[in-house]
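Reviewing the structure listed below.
Residue numbers (my numbering), protein chains in the order written: chain A, 86 to 197; chain B, 817 to 929.
As structure tokens, this is what we get:
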């Protein structure tokens, strides 16, 4: 079955630690996205990539980094510079610009 | 800056009732609008996408309408069922050349037996 796989489902970060969230898709989509969801707020865009080896900052990129070395993969690193990382992180992909976005099941990140 | 608002924030209805969820957006220069469903602790499932040139889209018991000039969309759910209980989110693609979805905060729906 085609889809988006995010791992791990739950992740805990210690103070000063960088952690990486995985996102893999087998839909052959060109575009991939990372969103952050906080209670009572809509999803906010962290980074997006429309093609391999290219990515752009979204609305809340500070404290995060990404790479897009393969079409199927778009990992997100939450760095120690992100002072409030506790949230639900969602990865999405779309065939191309303006096409429907398909979402993974998310990773919940908490601080130890 | 585009802002998307969904009212009400929460809604509880008895099974079988028809209901309407509302979404409004401040900048009418959108490319399209998408409705999603989110179950607790899960990702989003796309329900309907309406292009800016369209007035409505239908899928089964769901009907979404779009009035770009007034900055409004509605999601109509017919004959609601307990399995429809979830949070419903609307999101707009800005027509400004980027590929950015701006989301509302959602309506949490509970359909009771």
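Note that CB positions come from ideal geometry on N, CA and C, so glycine has one too. All figures in this text were calculated on a predicted structure; none of them were measured in a lab.
Query: Does any residue of chain A have a CB that is nearer than 8 angstroms to the CB of residue 920 (chain B)?; Result: yes
Query: If the cut is a Cβ gap below 8 angstroms, which residues of chain A does residue 820 (chain B) touch?; Result: 127
Query: Compile a chain-ordered list of the residues in the region 840 to 863 of chain B whose CB is closer than 7 angstroms to at least one CB of chain A.; Result: 847, 848, 850, 858, 859, 860, 862
Query: Here's a check: name, in chain order, each residue in its chain whose Cβ is nearer than 6 angstroms to the Cβ of residue 164 (chain A), leaving out the five neighbours to either side.; Result: 103, 148
Query: Please give the ranges of any beta strand (DSSP E) in the region 824 to 861 of chain B, keeping only runs that are unbroken, at least 3 residues long and fully inside the region.; Result: 826 to 830, 835 to 841, 846 to 854
Query: Hey, does residue 904 (chain B) have any beta-carbon neighbour from chain A nearer than 8 angstroms?; Result: no
Query: Find the nearest neighbour of residue 906 (chain B) within the set B:819, B:894, B:922, judged by alpha-carbon distance.; Result: B:922
Query: Can you give me the C-alpha to C-alpha distance between residue 893 (chain B) and residue 167 (chain A), rounded to a whole angstrom?; Result: 40 angstroms
Query: Can you check whether the C-beta of residue 827 (chain B) is within less than 8 angstroms of a C-beta belonging to chain A?; Result: no
Query: Indicate whether the contact test is met: 3 or more Cβ pairs, each with one atom in the region 885 to 904 of chain B and one in the region 171 to 178 of chain A, closer than 8 angstroms.; Result: no
Query: My output table needs one value for residue 123 (chain A): the three-state DSSP class, helix, strand or coil.; Result: coil
Query: By DSSP, does residue 910 (chain B) sit in helix, in strand, or in coil?; Result: strand
Query: Can you pull the chain B neighbours of residue 93 (chain A), defined as C-beta to C-beta under 9 angstroms?; Result: Here the premise fails: no neighbours, minimum Cβ distance about 14 angstroms.
Query: Hey, is residue 161 (chain A)'s beta-carbon within less than 8 angstroms of any beta-carbon in chain B?; Result: no
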